[in-house]
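If you read the sequence shown in this note's numbering, its first letter stands for residue 18, the second for the next number, and so on. All C-beta atoms in this analysis are idealised placements derived from N, C-alpha and C, irrespective of residue type, glycine included. Fair warning: this is a prediction, and the values are worked out from it, not measured in the lab. Encoded as structure tokens, the structure appears first; notes follow it.
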Amino acid sequence: MSAAIGIRSRVQEFLREQRNLGFHLVSCGRELLNFASFVEDSKHQGAVTQELTAHWARDAHGGNVSMETSARRLLNLRPFLRWLQQFEVTTEVPDESIFGSLPGRKTPHIYRADEVLALMQEAGKLGPADGLRAATYVTLFGLIASTGLRIGEALGLADVDVDLAAGVLTVRGAKFGKSRLVPVHPSVIAPLAAYRATRMKQVANTAQSLFFVGSRGTLLGKPLGDRQVHRIFTQLRSKRLGEAP
Numbered sequence: 018m019s020a021a022i023g024i025r026s027r028v029q030e031f032l033r034e035q036r037n038l039g040f041h042l043v044s045c046g047r048e049l050l051n052f053a054s055f056v057e058d059s060k061h062q063g064a065v066t067q068e069l070t071a072h073w074a075r076d077a078h079g080g081n082v083s084m085e086t087s088a089r090r091l092l093n094l095r096p097f098l099r100w101l102q103q104f105e106v107t108t109e110v111p112d113e114s115i116f117g118s119l120p121g122r123k124t125p126h127i128y129r130a131d132e133v134l135a136l137m138q139e140a141g142k143l144g145p146a147d148g149l150r151a152a153t154y155v156t157l158f159g160l161i162a163s164t165g166l167r168i169g170e171a172l173g174l175a176d177v178d179v180d181l182a183a184g185v186l187t188v189r190g191a192k193f194g195k196s197r198l199v200p201v202h203p204s205v206i207a208p209l210a211a212y213r214a215t216r217m218k219q220v221a222n223t224a225q226s227l228f229f230v231g232s233r234g235t236l237l238g239k240p241l242g243d244r245q246v247h248r249i250f251t252q253l254r255s256k257r258l259g260e261a262p
């Protein structure tokens with residue numbers, strides 16, 4: 018740690034910032050202050066290391082803790098360490114797998130580019146042939162893959178939020194009620210424009226229109242639900258990639 022500002026001051030600053038954002042961090046706050054005491058007692062000099070954090074995670078109750086408890090302690094510590102890197106760039110953030118996976122936490126699957134392409138190709142086969150359904154899901158999955166938007170953020174985009182001339186999306190109601198701008202890669206603009214044109218041929222556009230809408234029957238032009246999207250995604254994934262639902 019920097020000689021000018023100690024670990025305890027950094028922890029207190031982090032907790033103050035997080036609480037100002039609306040997080041309470043009661044138990045996590047105690048853990049972080051415990052970590053600060055551990056670092057101070059150890060007389061550690063320099064940036065926080067993975068060895069130091071692993072030692073702390075095992076140290077609770079005289080070292081008589083389970084691997085699960087150690088893993089949970091590290092989980093509480095990681096956000097603070099990532100924040101600390103802005104001041105101490107050599108701060109090491111421990112890998113989550115040091116003490117094994119926590120029960121009930123399924124390792125997320127990161128889709129490769131070829132897998133995303135395969136899913137989009139399968140989505141392109143959705144019927145009816147003259148409908149909006151295939152275009153909706155191909156464009157939705159492509160946008161999420163290219164921008165990293167959450168499904169709820171993508172489905173919440175209004176038509177006016179998609180500024181193709183500027184190549185920017187306005188994501189409203191993000192964390193803490195704030196909006197943010199998301200740049201769009203030039204290669205994504207043409208598919209978005211094509212989908213918009215196709216949609217407008219089938220669904221009347223208003224100032225309140227969502228960008229992605231239901232594509233058939235009584236759902237035509239209505240908001241897409243995340244459960245509906247998840248069901249289609251699961252079907253396509255199982256069919257194309259052979260993954261279990």
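- Per DSSP, R150 is one residue of the alpha helix (DSSP H) stretching across R150 to T164.
- Note that the C-beta distance between L181 and A162 is not below 8 Å.
- A direct Cα-Cα distance of roughly 38 Å separates H247 from T70.
- Ranked by how close their Cα comes to the Cα of E68, the residues D112, Q29 and K256 have D112 in first place.
- CA-to-CA, the gap between L92 and E85 works out to about 10 Å.
- In the DSSP assignment, V230 is bridged to P240.
- For the pair of segments examined, the region 55-64 was found not to touch the region 132-145: the number of CB pairs separated by less than 8 Å stays below three.
- In the structure shown, R189 falls within a coil segment according to DSSP collapsed to helix, strand and coil.
- Excluding five sequence positions before and after D178, the CB atoms of its chain that fall closer than 8 Å to its own CB belong to L186, T187, V188, R189 and F228, given in chain order.
- Here DSSP, grouped into helix, strand and coil, assigns R167 to coil.
- DSSP, reduced to helix, strand and coil, places L32 within a helical segment of the structure shown.
- Around I24, the same chain offers M18, A53, V56 and E57 as residues with beta carbons nearer than 7 Å, after the five sequence neighbours per side are excluded.
- Nearest neighbour of Y128 by Cα position, chosen from V110, K195 and F158, turns out to be F158.
- The beta-carbon distance between L32 and L42, rounded to whole angstroms, is 6 Å. This is short enough to meet the 8 Å contact definition.
- Under the three-state reduction of DSSP, V179 is assigned to strand.
- When DSSP reads this structure, P200 sits in a beta bridge with V185.
- By the neighbour-count criterion, in which 16 or more other beta carbons inside 10 Å mark a residue as buried, G173 falls on the buried side.
- For L98, the enclosing alpha helix (DSSP H) begins and ends at M84 to L101.
- Straight across, the Cα-Cα distance linking F250 with T223 is about 28 Å.
- For A130, the enclosing alpha helix (DSSP H) has its first and last residue at A130 to A140.
- L98 places its beta carbon 8 Å or farther from that of E48.
- Using a Cβ distance threshold of 8 Å, V199 and T164 count as a contacting pair.
- L236 and A214 have their C-alpha atoms spaced approximately 19 Å apart.
- Taking each of A77, H72 and R244 in turn and checking the Cα distance to I168, the smallest one comes out for R244.
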